[in-house]
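**Q** One structure, as structure tokens, below. Some questions next.
Chains as they are written, first to last, in the working numbering: chain E, 2 to 410; chain C, 113 to 214.
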């Protein structure tokens, strides 16, 4: 019996278990998946939780429900990967593998910035990239009387790079509905050179900030959070005051990657961008947020990666050359508030452009343009996530590689 | 769009980044630096070399990466390339500007 071991039962790991179990001979291959947490969160929902658009129960389910029965599911902490011995140490047992899939994701590391996780953490300094953070922020917003709201990105790369911008748009919408928009001053602070860094997006979307009266601070590389005076200070000694800071801390790969000596300076695993094989070890593959590939860290990317990776694992088992197929394809809805959303579809090479999706001319979704239909798409996506995506069911008309059909290139 | 840098015709983006790194040489780097108001020193070049190595290796650039590189600390990085050091240093290095997905 050979062993295929998956580390992490988040979006990527769960999808890989579902893809591979029916394709691998049960008499030859045992599949094991390890994750210490029993709850599976719908992370895109963390954007909606603070604004009371989603409830707690809409963004979490018991993870085991989505793991196929014929897969050995172990809920234990992963201590260390020993890639030269083909072994993984858990808290109280050691597993051997023939093939390893690393799907340990990424998470916020607020300790990386002085003062961020200080005395005001989850009091007037919040993240919304964790369930706890999004929930604490919701409770704060329910009674907040207004003031200076600063939406801030610490540094790239981050999971779902558009989420902070969506947060600012939804905040505008939320406070408008509450009849207190005039009491809230919203500033978007980014370490990049603009809210939109690609020319086509910048041309098409810059109106959004103006229309929603959101102020912009660019090239801000935070040095510390000053909890005494409620301000963030950057390395050039620029200071920005806030009453309420909503920050996206540094995102890093899991500590187990660091403990195993397998990551870069942010604990992401060096991975071939087109095959998803580890650059160091032939029988190790990496998927989703855990990789260092220059694609967005997003569920849609993991979904497209999973299709290519499934094929490549079967090729690897049969000693055939891997397909250099994955193209960095991402497909993301972007909430712009007031029940509208944008859709972007892009890859390593092709920047987001205007057009229709998935069908040329017809759509029904519009690329890089606000529409109510796109917003419905985003809301429908939660159902698709729980019922199709995690189970490894292909999404109709959306191919793993980006299509140029309908795009104005 | 076309631009002439250090006597060589090159293609640059609207905000002045080289489209093709293979056109880059030290003179071009010097001229971009001058346009940004920076007089290049050995320290500047050490940072530029490190950035070019990272980009060749396919590693995403981050301030944290610079901090952990051991080449320069962040205070000095800011002092060397004032006003958005990653933005300015990548331009001089002839590599793409750090971007988000939109």
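Virtual Cβ for every residue (Gly too), placed ideally from N, Cα, C.
Starting from the beta carbon of residue 153 of chain C, find every residue of chain E whose beta carbon is closer than 8 Å, and list them in chain order.
**A** Near residue 153 of chain C there are no residues of chain E at all, since even the closest Cβ is about 20 Å away, more than 8 Å.
**Q** For residue 95 of chain E, does the count of other Cβ atoms within 10 angstroms reach 16, so buried, or fall short, so exposed?
**A** Exposed.
**Q** So, using beta-carbon positions, are residue 152 of chain E and residue 247 of chain E closer together than 8 Å?
**A** The answer is yes: Cβ separation under 8 Å.
**Q** Are the stretch 270-289 of chain E and the stretch 310-326 of chain E touching by the rule of at least three beta carbon pairs closer than 8 Å?
**A** The stretch 270-289 of chain E, when compared against the stretch 310-326 of chain E, does touch it at the 8 Å Cβ threshold.
**Q** Look at residue 14 of chain E and residue 135 of chain E and say whether their C-beta atoms are less than 8 Å apart.
**A** Going by C-beta atoms, residue 14 of chain E is not nearer than 8 Å to residue 135 of chain E.
**Q** Closest to residue 295 of chain E by C-alpha separation, out of E/93, E/120, E/160, would be which residue?
**A** Closest option to residue 295 of chain E, Cα to Cα, is E/160.
**Q** Within its chain, find whatever has a CB closer than 7 Å to the CB of residue 207 of chain E; leave out the 5 residues flanking it on each side and keep chain order.
**A** Result list for residue 207 of chain E: 197, in chain order.
**Q** Please list, in chain order, all residues of the same chain as residue 351 of chain E whose beta carbon is under 8 Å from its beta carbon, the five residues on each side excluded.
**A** Hits under 8 Å: 403, 405, 408, 410.
**Q** Between residue 353 of chain E and chain C, is the shortest Cβ-Cβ distance under 8 Å, so that the two count as touching?
**A** Interface residue, yes.
**Q** For residue 231 of chain E, which residues in the same chain have their Cβ closer than 6 Å to its Cβ, ignoring the five residues on either side in sequence?
**A** Hits under 6 Å: 243.
**Q** Taking Cβ-Cβ distances below 8 Å as the criterion, which residues of the stretch 233-260 of chain E are in contact with chain C?
**A** Under the 8 Å Cβ criterion, the stretch 233-260 of chain E contributes 236, 237, 251.
**Q** Using a C-beta to C-beta distance shorter than 9 Å, which residues of chain C count as neighbours of residue 332 of chain E?
**A** Per Cβ cutoff of 9 Å: no residues; residue 332 of chain E is ~11 Å from chain C at best.
**Q** Count Cβ pairs between the stretch 370-383 of chain E and the stretch 337-356 of chain E that sit closer than 8 Å; are there 3 or more?
**A** Contact holds: three or more Cβ-Cβ distances are below 8 Å.
**Q** Can you tell me whether residue 320 of chain E is buried or exposed, with buried defined as 16 or more other CB within 10 angstroms of its CB?
**A** Flag for residue 320 of chain E reads exposed.
**Q** Within 10 Å of its beta-carbon, does residue 123 of chain C have 16 or more other beta-carbons around it, so buried, or fewer, so exposed?
**A** So residue 123 of chain C counts as exposed.
**Q** To the nearest angstrom, report how far apart residue 348 of chain E and residue 229 of chain E are at their CA atoms.
**A** For residue 348 of chain E and residue 229 of chain E, the distance between alpha carbons rounds to 43 Å.
**Q** Let me confirm a value: residue 82 of chain E is counted as buried when at least 16 other C-beta atoms fall within 10 Å, else exposed. Which label applies?
**A** Its Cβ being crowded by 16 or more others within 10 Å, residue 82 of chain E is buried.
**Q** Would you tell me roughly how many angstroms separate the C-alpha atoms of residue 148 of chain E and residue 117 of chain C, rounded to the nearest one?
**A** The alpha-carbon atoms of residue 148 of chain E and residue 117 of chain C are separated by roughly 48 Å.
**Q** Any contact between the stretch 20-27 of chain E and the stretch 137-144 of chain E? By contact I mean 3 or more CB pairs, one from each, below 8 Å.
**A** Verdict: no, contact absent.
**Q** Kindly list, in the order they appear in chain C, the residues whose Cβ is closer than 8 Å to that of residue 347 of chain E.
**A** The contacting residues are 213.
**Q** Residue 253 of chain E to residue 119 of chain C, Cα distance in whole Å?
**A** Those two C-alpha atoms are separated by around 43 Å.
**Q** Can you give me the Cβ contacts of residue 169 of chain E inside the same chain, cut-off strictly under 7 Å, excluding the 5 residues immediately before and after it?
**A** So the qualifying residues of the chain are 152, 187, 189, 215.
**Q** Name the DSSP beta bridge partners of residue 336 of chain E, please?
**A** According to DSSP, residue 336 of chain E bridges with E/342.
**Q** Would you mind working out which of E/209, E/396, E/154 sits nearest residue 235 of chain E, comparing C-alpha positions?
**A** The shortest Cα separation from residue 235 of chain E among E/209, E/396, E/154 belongs to E/154.
**Q** Starting from residue 357 of chain E, find everything on chain C with Cβ-Cβ shorter than 8 Å and list it in chain order.
**A** In chain order: nothing, as chain C lies at least about 18 Å away.
**Q** Can you tell me where the alpha helix (DSSP H) with residue 192 of chain C in it begins and where it stops?
**A** Where residue 192 of chain C is concerned, the enclosing alpha helix (DSSP H) stretches over 186-192.
**Q** Please name the residue in C/121, C/113, C/126 whose C-alpha comes closest to that of residue 204 of chain E.
**A** Comparing Cα positions, the closest option is C/126.
**Q** With burial defined as no fewer than 16 other Cβ atoms inside 10 Å of the residue's Cβ, what is the status of residue 176 of chain E: buried or exposed?
**A** With 16 or more other Cβ atoms within 10 Å, it is buried.
**Q** Taking only the alpha-carbon atoms, compute the straight-line gap between residue 195 of chain E and residue 31 of chain E and give it to the nearest angstrom.
**A** Roughly 49 Å separates the two Cα atoms.
**Q** Mind checking if residue 293 of chain E is an interface residue toward chain C, Cβ cutoff 8 Å exclusive?
**A** So yes, residue 293 of chain E belongs to the interface.
**Q** Quick one: is residue 394 of chain E buried, meaning 16 or more other Cβ sit within 10 Å of its Cβ, or exposed?
**A** It is exposed - the Cβ of residue 394 of chain E has fewer than 16 other Cβ atoms within 10 Å.
**Q** Identify the contact partners of residue 163 of chain E in chain C, using a Cβ-Cβ distance below 7 Å as the criterion.
**A** Ordered by position in chain C, the residues that pass the 7 Å Cβ test against residue 163 of chain E are 213, 214.
**Q** Using the beta-carbon of each residue, which ones in chain E are nearer than 7 Å to residue 78 of chain C?
**A** A query on residue 78 of chain C cannot be resolved here, the shown segment of chain C reaching from 113 to 214 and no further.
**Q** Using a Cβ cut-off of 8 Å (strictly closer), state whether residue 175 of chain C contacts chain E.
**A** Closer than 8 Å to some Cβ of chain E, the Cβ of residue 175 of chain C qualifies, so yes.
**Q** Along the chain, where does the alpha helix (DSSP H) that runs through residue 164 of chain C open and close?
**A** Element bounds for residue 164 of chain C: 154-168.
**Q** Could you check what DSSP says for residue 279 of chain E in three-state terms: helix, strand or coil?
**A** Residue 279 of chain E falls in the strand class under three-state DSSP.
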